[in-house]
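The opening residue of the sequence shown carries number 28 in my numbering; numbering runs sequentially from there.
Glycine included, C-beta positions come from ideal geometry on N, C-alpha and C.
Only one structure is covered here, and it is reproduced in the block below.
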Amino acid sequence: MTPNTLSHRGMDAWLQSPDETRLQFSGPALVEDNTITVVIEVENPKSYHLEWCKSSGATAMNAWCEIFRPIGKSRTRIGRIANGSMAADSPATQSCSSRDQLELPLNRDAWLWSPRSGEGFVSLEIRRMRKPAHETVQKEESKYVVYETPVDMIDDPDTGMPPYIIFRFEFKQRARSSNPQSAPTSEHGDRRISGPESRASTSDPSPPPLTSVLAKSHKSSSAQSQGDNNKGEGSSNINRSPSSQEREHKRARYDQLMQEAREDTIAQAKKLEEEKAECRRLDVCFAS
Numbered sequence: 028m029t030p031n032t033l034s035h036r037g038m039d040a041w042l043q044s045p046d047e048t049r050l051q052f053s054g055p056a057l058v059e060d061n062t063i064t065v066v067i068e069v070e071n072p073k074s075y076h077l078e079w080c081k082s083s084g085a086t087a088m089n090a091w092c093e094i095f096r097p098i099g100k101s102r103t104r105i106g107r108i109a110n111g112s113m114a115a116d117s118p119a120t121q122s123c124s125s126r127d128q129l130e131l132p133l134n135r136d137a138w139l140w141s142p143r144s145g146e147g148f149v150s151l152e153i154r155r156m157r158k159p160a161h162e163t164v165q166k167e168e169s170k171y172v173v174y175e176t177p178v179d180m181i182d183d184p185d186t187g188m189p190p191y192i193i194f195r196f197e198f199k200q201r202a203r204s205s206n207p208q209s210a211p212t213s214e215h216g217d218r219r220i221s222g223p224e225s226r227a228s229t230s231d232p233s234p235p236p237l238t239s240v241l242a243k244s245h246k247s248s249s250a251q252s253q254g255d256n257n258k259g260e261g262s263s264n265i266n267r268s269p270s271s272q273e274r275e276h277k278r279a280r281y282d283q284l285m286q287e288a289r290e291d292t293i294a295q296a297k298k299l300e301e302e303k304a305e306c307r308r309l310d311v312c313f314a315s
């Protein structure tokens, strides 16, 4: 079993970081019917892709998948940020990622981030379908091209059916420690949660936080400056360029800020349109 991976009802899900490791779980998962929840403690914001796939040995399924999280600057509303489908007759679709499936106003291939406050969540909802969802293209008389993906769901929300599976990753703020070696580690290891289909593992080592990467870069720059000042004494230093991991973190952080700005802009525009529509409705009422 792969560490730091949730498994429930024949599907696996995890949060993949830029350094190709999975965000470390802070303890065992909790299973309640169709939902499996795990807590991830973070000291600083973490970037990630939400990834999922069919469990090893499980039967391939036709499924409609949606990702939700708090949205907007205040993070008080829950919104869908990505969607995709899995087809039982297409093995390539049995392994999915939030990357390249994010919806506007997000960049399709952007990294997601844990909340700056440390408190929040991201969830993946999976609903079964009777047949695969295939996109159709239709050109109307108005010359507009319409892209549609008809779905025939077994777990249909229109009839009040809940999702077949909900993977929920909850973020909590980790207490800062002056001694990084004293941070608590999980003693649970690989652990089966509830029955043969539901389990979570917590033994993967945590990736180095962004602050440690920046600290190393700062230390290298300070050493270089000291070497320049002491050239007369024969000292020398090697100028280190920023690591690829640091550049990736900075780019992901920039993408996150741009995403939040776009979300707020669209929300404000939508509210303005609603207010305009209400004004027009009142004008019609007074005129009549």
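For A279, count neighbouring Cβ atoms within 10 angstroms of its own Cβ and tell me buried if that reaches 16, exposed if not.
Buried is the call here.
Cβ neighbours of R96 in the same chain (closer than 8 Å, five flanking residues each side left out):
Scanning its chain for C-beta atoms nearer than 8 Å, with the 5 sequence neighbours on each side dropped, one finds around R96 the residues I105, G106, I108, L139, G147, F148, V149 and S150, in chain order.
Nearest-angstrom Cα distance between N61 and E301?
Taking the straight line from one Cα to the other gives about 36 Å.
Cut-off 7 Å between Cβ atoms - residues of its own chain near Y75, not counting five sequence neighbours on either side
The answer, listed in chain order, is L42, Q43, S44, L50, W138 and L139.
Determine the DSSP secondary structure at S271, reduced to helix, strand or coil.
Helix at S271.
Do you know offhand how far P190's Cα is from K303's?
Going by the C-alpha atoms only, they are around 36 Å apart.
Can you tell me which residues form a DSSP beta bridge with Y75?
Beta-bridge pairing links Y75 to L139.
According to DSSP, residues forming a beta bridge with Q200:
Residue pairing for Q200: DSSP places it in a beta bridge opposite V69.
Between A160 and S112, is the Cβ-Cβ spacing less than 8 Å?
Result yes, Cβ atoms of A160 and S112 sit closer than 8 Å.
With a CB to CB cut of under 6 Å and the five nearest residues on each side skipped, what residues in its chain are close to E152?
So the qualifying residues of the chain are E93, P190 and I193.
Taking DSSP's pairing of strands, which residues face P190 in a bridge?
Bridge partners of P190: none, in fact.
According to DSSP, is R157 helix, strand or coil?
Correct three-state label for R157: coil.
Please classify L133 as buried or exposed, where buried requires at least 16 other C-beta atoms within 10 Å of its C-beta.
Label assigned to L133: buried.
Within the 8 Å Cβ cut-off, does S101 reach chain B?
Here chain B cannot be found, since the structure has a single protein chain.
Please classify I181: does DSSP put it in a helix, a strand, or coil?
Coil.
Have a look at I181 and M285 and give me their C-alpha separation to the nearest angstrom.
So the alpha carbons of these two residues sit roughly 37 Å apart.
Determine whether the beta carbon atoms of W91 and R154 lie at a separation below 8 Å.
Contact flag set, yes.
For E290, three-class secondary structure by DSSP:
In the three-state scheme derived from DSSP, where H, G and I count as helix and E and B as strand, E290 is classed as helix.
Do you know how far the Cα of K73 is from the Cα of Q272?
Those two C-alpha atoms are separated by around 12 Å.
For E93, write down the residues that DSSP places opposite it in a beta bridge.
According to DSSP, E93 shares a beta bridge with N110 and E152.
Helix, strand or coil for L133 per DSSP?
Coil, per DSSP.
Residue nearest to R195 in terms of C-alpha spacing, selected from T29, D46, P55 and T48
Comparing Cα-Cα distances from R195 to each of T29, D46, P55 and T48, the minimum goes to P55.
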